[in-house]
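Asker: Numbering (the working numbering), first residue to last: 1474 to 1626.
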């Protein structure tokens, strides 16, 4: 199946990729809505989280294009399969973990800055930072489990 053997940069421009990203955005929306508004879904929070993720994605595409000569989002979300990384090679796993951590920090930084601009009138910087961190940990864990299950199982 083609969608199970492509990089994230190609995957995001396919229907299944759009569905995957929508699920991630909804996860972050549910989390932010519950913590900020004590509701499971708030339309205003949804739009803000959507714009935050769009900005992060666009910057991810641009950074990836610049750093690796044209591959979309390879730098931003390092989704690889057993064809690229051997789980039996500890050094390969270490490098993937470092790469993944860098991508997570870049995402977190961008989303925090955008969320701060959107929510600063209503909430303090510590709360915005904490929620951005927790929402991204949840969405990265979920997304990683889903994508890497396809790649390595």
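Glycine is no exception: its CB is placed at the ideal position from the N, C-alpha and C atoms.
Taking 8 Å as the cut-off, decide whether the C-beta atoms of residue 1581 and residue 1614 are in contact.
Answerer: Against the chain shown, residue 1581 aligns to sequence position 108. Against the chain shown, residue 1614 aligns to sequence position 141. No, these two residues do not count as a Cβ contact at 8 Å.
Asker: With a cut-off of 8 Å on the beta carbons, I'd call residue 1602 and residue 1585 a contact; round off their distance for me.
Answerer: Position 129 of the chain shown, counting from 1, holds the residue named residue 1602. Position 112 of the chain shown, counting from 1, holds the residue named residue 1585. Yes, residue 1602 and residue 1585 are in contact; Cβ-Cβ is about 6 Å, under 8 Å.
Asker: Compare the beta carbon distance of residue 1532 and residue 1583 with 8 Å and say whether it is the shorter of the two.
Answerer: Residue numbering aside, residue 1532 sits at position 59 when the chain shown is read from its first letter. Residue numbering aside, residue 1583 sits at position 110 when the chain shown is read from its first letter. It is a contact, given that the beta carbons lie within the stated cut-off.
Asker: Can you tell me whether residue 1485 is helix, strand or coil according to DSSP?
Answerer: Position 12 of the chain shown, counted from the start, is the residue given in the question as residue 1485. Three-state result, residue 1485: coil.
Asker: So what's residue 1609 in DSSP terms, helix, strand or just coil?
Answerer: One-based indexing of the chain shown puts residue 1609 at position 136. The three-state secondary structure of residue 1609, taken from DSSP, is helix.
Asker: Got a sec? Which residues, its chain only, sit under 8 Å from residue 1577 by beta carbon, not counting five neighbours each side?
Answerer: In the chain shown, the residue the question calls residue 1577 occupies position 104. Cβ within range, chain order: 1609, 1613.
Asker: For residue 1597, which residues in the same chain have their Cβ closer than 8 Å to its Cβ, ignoring the five residues on either side in sequence?
Answerer: Along the chain shown, one-based indexing puts residue 1597 at 124. Cβ neighbours of residue 1597 beyond the five flanking positions: none.
Asker: Span of the alpha helix (DSSP H) holding residue 1569?
Answerer: By one-based count along the chain shown, residue 1569 stands at place 96. 1563-1592 is the extent of the alpha helix (DSSP H) around residue 1569.
Asker: Just confirm the distance between the C-beta atoms of residue 1588 and residue 1502, as a whole number of angstroms; I'd bet it's less than 8 Å.
Answerer: What you label residue 1588 is simply residue 115 of the chain shown in a count that begins at 1. What you label residue 1502 is simply residue 29 of the chain shown in a count that begins at 1. Not a contact, Cβ separation roughly 12 Å.
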